[in-house]
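Engineer: Structure below; questions to follow.
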Amino acid sequence: MRVSSNTIYQQSVFNLGNRQSELTKLQNQLSTGRRILTPADDPVSSARSLNLQQSTSLNEQYIKNTQYSNSALGLAEGNLQQATRIIQDIQELAIRAGTPAVTSSEKKMIDADIRGKYQELLGLANTTDGNGLYLFSGYKGDTKPFNELSYGNVRYDGDQGQRNVQISPSREIPVSDSGADLFVKIYDGNGTFTTSMNQSGGAKNLGTGVISPGTVVDPIKWADANNNERYRIDFRTIPDPLDATKTLTSYDIIDNDTTSATYNQSLIDSYDYTASGPRAVGVGYPRSYTAGGDIVFAQQAGETTPLYAGWDFGAKVSVSGVPKNGDSFTLEPSKYQDIFSSIGDFSAALTGYMNSEVGGAEFQNRLNTLLSNMDNALSRVLTVQANMGARMNEASSVENTNGDLNVQFKATISKLTDLDYVSAISDFSLTQTYLEAARKSFSSVQGLSLFQFIN
Numbered sequence: 020m021r022v023s024s025n026t027i028y029q030q031s032v033f034n035l036g037n038r039q040s041e042l043t044k045l046q047n048q049l050s051t052g053r054r055i056l057t058p059a060d061d062p063v064s065s066a067r068s069l070n071l072q073q074s075t076s077l078n079e080q081y082i083k084n085t086q087y088s089n090s091a092l093g094l095a096e097g098n099l100q101q102a103t104r105i106i107q108d109i110q111e112l113a114i115r116a117g118t119p120a121v122t123s124s125e126k127k128m129i130d131a132d133i134r135g136k137y138q139e140l141l142g143l144a145n146t147t148d149g150n151g152l153y154l155f156s157g158y159k160g161d162t163k164p165f166n167e168l169s170y171g172n173v174r175y176d177g178d179q180g181q182r183n184v185q186i187s188p189s190r191e192i193p194v195s196d197s198g199a200d201l202f203v204k205i206y207d208g209n210g211t212f213t214t215s216m217n218q219s220g221g222a223k224n225l226g227t228g229v230i231s232p233g234t235v236v237d238p239i240k241w242a243d244a245n246n247n248e249r250y251r252i253d254f255r256t257i258p259d260p261l262d263a264t265k266t267l268t269s270y271d272i273i274d275n276d277t278t279s280a281t282y283n284q285s286l287i288d289s290y291d292y293t294a295s296g297p298r299a300v301g302v303g304y305p306r307s308y309t310a311g312g313d314i315v316f317a318q319q320a321g322e323t324t325p326l327y328a329g330w331d332f333g334a335k336v337s338v339s340g341v342p343k344n345g346d347s348f349t350l351e352p353s354k355y356q357d358i359f360s361s362i363g364d365f366s367a368a369l370t371g372y373m374n375s376e377v378g379g380a381e382f383q384n385r386l387n388t389l390l391s392n393m394d395n396a397l398s399r400v401l402t403v404q405a406n407m408g409a410r411m412n413e414a415s416s417v418e419n420t421n422g423d424l425n426v427q428f429k430a431t432i433s434k435l436t437d438l439d440y441v442s443a444i445s446d447f448s449l450t451q452t453y454l455e456a457a458r459k460s461f462s463s464v465q466g467l468s469l470f471q472f473i474n
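As structure tokens, then:
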């Protein structure tokens, strides 16, 4: 077959170009360490690699998010640990203030300490994270959550939300908490009801009676439809008919809900103080009083005419000391009282405390109220702190999982795109040989001509 010189040249140049291109590609692969230089080299592996790279990039952002979450939550938890210490310090100071031997000057020092703890707690409530966002303002991270209007009067300017951070494709984790839930929405009393001296109309108790916070021993009974949760415990003292030098103290439990149809009626014997007026002088109330004994909100043996037959609201309180005739205590549903106003109320009681028997009982009742409120505040802080710890553990666990995923992603990408150096070097040497052979063969034929064979 006849082959033109032009065809020989074209074919030779084409072969040389192919070999040179192959050598250049291998050289680029060896210098970059990558098998796939362009998607055309391996479309399927290239597409899988691109998807995995995107997954890796997103996963690395999740890792950064978990690290931020742990940092923010760790800072918040540290603040709550300090808040726990402050609340416990205030409780200790309050108990010390209630010791009879404490002098007026010592009370002033205790009050100064409590005010200092108050300011320290307020500072913790307004802590920011490393990015300048307030930890306890809910969604409103750039808003200072707690603003003091006066001592004990603090306004909450945050909201009820929690800022979330995405730490995995299917999980967001809260990295902030609402200051309202932590420091404002705290039930007073025992969390179900609160007890206090009855000071309606400006009247004050004259005896030494101090009421306990009380206990709900059976929540199901407390939920009885007849229980309106507002009661008054009135005391009466009458001369002991057997010993004129002594008195007998008794009490009545009275409906104190002004909206109730049974308002001002005795739960114990149905006596209606509105319709019938006060009981006759010298007549005791239906139950005898024992200092420190339980005052049970339930029908007792021998009580034949109760307001509700067989009534039992599953609660009890106790009164210590010696109530005087006409002294009264109230029981009402618990309501929210922020921790700052609780501390402020106690300071007011501490500075206004009188060194008298009457003032002492009033102070002790307010002391009991503060201690109950502080117990509730402490319980709330510890609950949130435990929740933060659980979130930190989850963030750490997810961070470890994300780190393992990154290792797997990168290993798969490496298998898809990285170069097999042994094979590549072998191919490079072989291609060099091919190219050199092509050059020599082309050099041999490029000078040939038909006229060289014609004599």
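Residue numbers (our numbering): 20 to 474. We put the CB at the ideal spot given by N, CA and C, even for glycine.
1) Just the C-alpha distance for residue 334 and residue 195, rounded to the nearest angstrom, thanks.
2) Which term fits residue 131, buried or exposed, when burial requires 16 or more other beta carbons within 10 angstroms of its beta carbon?
3) Per DSSP, which residues does residue 190 bridge with? Please list them.
4) How far does the beta strand (DSSP E) with residue 263 in it reach, from first residue to last?
5) Count the other C-beta atoms from every protein chain shown that fall within 10 angstroms of the C-beta of residue 361, then say buried if there are 16 or more, exposed otherwise.
6) Relative to the alpha-carbon of residue 209, which residue among 233, 178, 78 has its alpha-carbon at the smallest distance?
7) Which one of 354, 285, 170 has the shortest CA to CA distance from residue 139?
8) Beta-carbon separation of residue 145 and residue 164 under 8 Å?
9) Where residue 257 and residue 290 are concerned, what is the direct C-alpha to C-alpha distance, given to the nearest angstrom?
10) Within its chain, find whatever has a CB closer than 7 Å to the CB of residue 279; leave out the 5 residues flanking it on each side and keep chain order.
11) Are the stretch 110-121 and the stretch 199-217 touching, with three or more C-beta to C-beta distances below 8 Å?
12) At which residues does the beta strand (DSSP E) containing residue 258 begin and terminate?
13) Using the Cα positions of residue 377 and residue 224, report the straight-line distance between them to the nearest angstrom.
14) Could you give the DSSP three-state label for residue 322: helix, strand or coil?
15) Between the stretch 181-199 and the stretch 71-88, are three or more C-beta pairs nearer than 8 Å?
16) How about the stretch 118-128 and the stretch 346-358: do they share at least three Cβ pairs that are nearer than 8 Å?
17) Which residue's Cα is closest to the Cα of residue 179: 202, 168, 325?
18) Can you list, in chain order, the stretches of the alpha helix (DSSP H) that have 4 or more residues and sit fully within the stretch 210-255?
19) Please list, in chain order, all residues of the same chain as residue 341 whose beta carbon is under 8 Å from its beta carbon, the five residues on each side excluded.
20) Just the C-alpha distance for residue 307 and residue 298, rounded to the nearest angstrom, thanks.
21) Mind checking residue 305: buried by the 16 CB within 10 Å criterion, or exposed?
22) In whole angstroms, what separates the C-alpha of residue 84 from that of residue 406?
23) Which value, in whole angstroms, describes the spacing of the CA atoms of residue 285 and residue 243?
24) For residue 154 and residue 98, which I take to be in contact (beta-carbon distance under 8 Å), what is that distance rounded to the nearest angstrom?
25) Can you tell me whether DSSP reads residue 369 as helix, strand or coil?
26) Have a look at 397, 411, 347, 92 and flag the residue whose alpha-carbon is nearest the alpha-carbon of residue 506.
27) Quick check: residue 276 and residue 282, are their CB atoms within less than 8 Å of each other?
28) Evaluate residue 114 with the Cβ neighbour count: other Cβ atoms within 10 Å of its Cβ, from every protein chain shown; 16 or more gives buried, anything less gives exposed.
29) For residue 400, count neighbouring C-beta atoms within 10 Å of its own C-beta (all shown protein chains included) and say buried if the count is 16 or more, exposed if not.
30) Rounded to whole angstroms, what's the CA-CA distance from residue 373 to residue 418? Just pull it up for me.
31) Kindly indicate the opening and closing residues of the alpha helix (DSSP H) around residue 141.
32) To the nearest angstrom, report how far apart residue 393 and residue 264 are at their CA atoms.
33) Any idea if residue 182 is buried or exposed, counting beta-carbon neighbours within 10 angstroms, 16 or more meaning buried?
34) Taking only three categories from DSSP, how would you classify residue 149?
35) Any idea which residues DSSP pairs residue 167 with across the strands?
36) If I measure Cβ to Cβ from residue 89 and keep anything under 8 Å in the same chain, skipping five residues before and after, which residues do I get?
Structural biologist: From the atom records:
1) Within the sequence shown, numbered from 1, the residue matching residue 334 stands at position 315. Within the sequence shown, numbered from 1, the residue matching residue 195 stands at position 176. Straight across, the Cα-Cα distance linking residue 334 with residue 195 is about 37 Å.
2) Locating residue 131 in the sequence shown gives position 112, where the first residue counts as 1. A residue is called buried when at least 16 other Cβ atoms come within 10 angstroms of its Cβ; residue 131 does not meet this threshold and is exposed.
3) Taking the sequence shown and counting its residues from 1, one reaches residue 190 at position 171. Residue pairing by DSSP places residue 190 opposite 187 in a beta bridge.
4) Here residue 263 refers to the residue found at position 244 when the sequence shown is read from its first residue. Segment 262-274, the beta strand (DSSP E) holding residue 263.
5) Start at 1 with the first residue of the sequence shown, and residue 361 comes out as number 342. Answer is buried; the Cβ neighbour count reaches 16.
6) In the sequence shown, the residue the question calls residue 209 occupies position 190. Ranking 233, 178, 78 by CA distance to the CA of residue 209 puts 233 first.
7) In the sequence shown, residue 139 corresponds to position 120, counting from 1. Ranked by how close their Cα comes to the Cα of residue 139, the residues 354, 285, 170 have 170 in first place.
8) Position 126 of the sequence shown, counting from 1, holds the residue named residue 145. Position 145 of the sequence shown, counting from 1, holds the residue named residue 164. Using a Cβ distance threshold of 8 Å, residue 145 and residue 164 count as a contacting pair.
9) What you label residue 257 is simply residue 238 of the sequence shown in a count that begins at 1. What you label residue 290 is simply residue 271 of the sequence shown in a count that begins at 1. A direct Cα-to-Cα measurement between residue 257 and residue 290 gives close to 19 Å.
10) The residue labelled residue 279 in the question sits at position 260 within the sequence shown. The residues are 247.
11) No: the two stretches stay apart, fewer than three of their Cβ pairs being nearer than 8 Å.
12) Counting from 1 along the sequence shown, the entry for residue 258 is found at position 239. Looking at the DSSP string, the run of the beta strand (DSSP E) that includes residue 258 is 250-259.
13) Start at 1 with the first residue of the sequence shown, and residue 377 comes out as number 358. Start at 1 with the first residue of the sequence shown, and residue 224 comes out as number 205. The pLDDT assigned to residue 377 is 48, lower than 50, so where the model puts this residue is not dependable; a value taken from the coordinates is nonetheless given after this. The alpha-carbon atoms of residue 377 and residue 224 are separated by roughly 7 Å.
14) Residue numbering aside, residue 322 sits at position 303 when the sequence shown is read from its first letter. Residue state for residue 322 is assigned as coil, using DSSP reduced to three classes.
15) Below 8 Å, enough C-beta pairs join the stretch 181-199 and the stretch 71-88 to call them touching: three or more.
16) As far as the Cβ criterion goes, the stretch 118-128 does not touch the stretch 346-358, which means the pair count is below three.
17) As a working mapping, residue 179 is identified with position 160 in the sequence shown. Sorting 202, 168, 325 by C-alpha distance to the C-alpha of residue 179 places 202 at the top.
18) Qualifying alpha helix (DSSP H) stretches, in chain order: 238-241.
19) The count along the sequence shown starts at 1 and reaches residue 341 at position 322. Counting only Cβ-Cβ distances below 8 Å, and skipping sequence neighbours, we find 226, 227, 228, 268, 310.
20) The residue labelled residue 307 in the question sits at position 288 within the sequence shown. The residue labelled residue 298 in the question sits at position 279 within the sequence shown. Linking residue 307 to residue 298 through their CA atoms gives a straight-line distance of about 16 Å.
21) Position 286 of the sequence shown, counted from the first residue, corresponds to residue 305. The residue is buried, with at least 16 neighbouring Cβ atoms inside 10 Å.
22) Here residue 84 refers to the residue found at position 65 of the sequence shown. Here residue 406 refers to the residue found at position 387 of the sequence shown. For the pair residue 84 and residue 406, the Cα-to-Cα distance works out to about 19 Å.
23) Position 266 of the sequence shown, counted from the start, is the residue given in the question as residue 285. Position 224 of the sequence shown, counted from the start, is the residue given in the question as residue 243. Taking the straight line joining both Cα atoms gives about 17 Å.
24) Within the sequence shown, residue 154 is the residue found at index 135, counting from 1. Within the sequence shown, residue 98 is the residue found at index 79, counting from 1. Right, the Cβ-Cβ distance comes to about 7 Å (below 8 Å), so this counts as a contact.
25) Taking the sequence shown and counting its residues from 1, the one referred to as residue 369 is at position 350. In the structure shown, residue 369 sits in a helix (DSSP, three-state: H, G or I).
26) Not covered by the structure: residue 506. The range shown for the chain is 20 to 474.
27) Translated into the one-based positions of the sequence shown, residue 276 becomes position 257. Translated into the one-based positions of the sequence shown, residue 282 becomes position 263. In terms of Cβ geometry, residue 276 and residue 282 form a close pair [threshold 8 Å].
28) Your numbering for residue 114 matches position 95 in the sequence shown. Its Cβ having fewer than 16 others within 10 Å, residue 114 is exposed.
29) Here residue 400 refers to the residue found at position 381 of the sequence shown. Answer is buried; the Cβ neighbour count reaches 16.
30) Translated into positions along the sequence shown, residue 373 becomes position 354. Translated into positions along the sequence shown, residue 418 becomes position 399. Note that residue 373 scores 47 on pLDDT, short of 50, meaning its location in the model is unreliable; the coordinates nonetheless yield the value given after this. Inter-residue distance for residue 373 and residue 418 is about 59 Å (C-alpha atoms, whole angstroms).
31) Against the sequence shown, residue 141 aligns to sequence position 122. Segment 123-144, the alpha helix (DSSP H) holding residue 141.
32) Counting from 1 along the sequence shown, the entry for residue 393 is found at position 374. Counting from 1 along the sequence shown, the entry for residue 264 is found at position 245. Those two C-alpha atoms are separated by around 42 Å.
33) Position 163 of the sequence shown holds residue 182. So residue 182 counts as buried.
34) Here residue 149 is taken as the residue at index 130 of the sequence shown, counted from 1. In the structure shown, the three-state DSSP call for residue 149 is coil.
35) Looking up residue 167 in the sequence shown gives position 148. For residue 167, which the question treats as bridged, DSSP gives the partners 173.
36) Counting from 1 along the sequence shown, the entry for residue 89 is found at position 70. Only 411, 414, 415, 418 meet the Cβ criterion.
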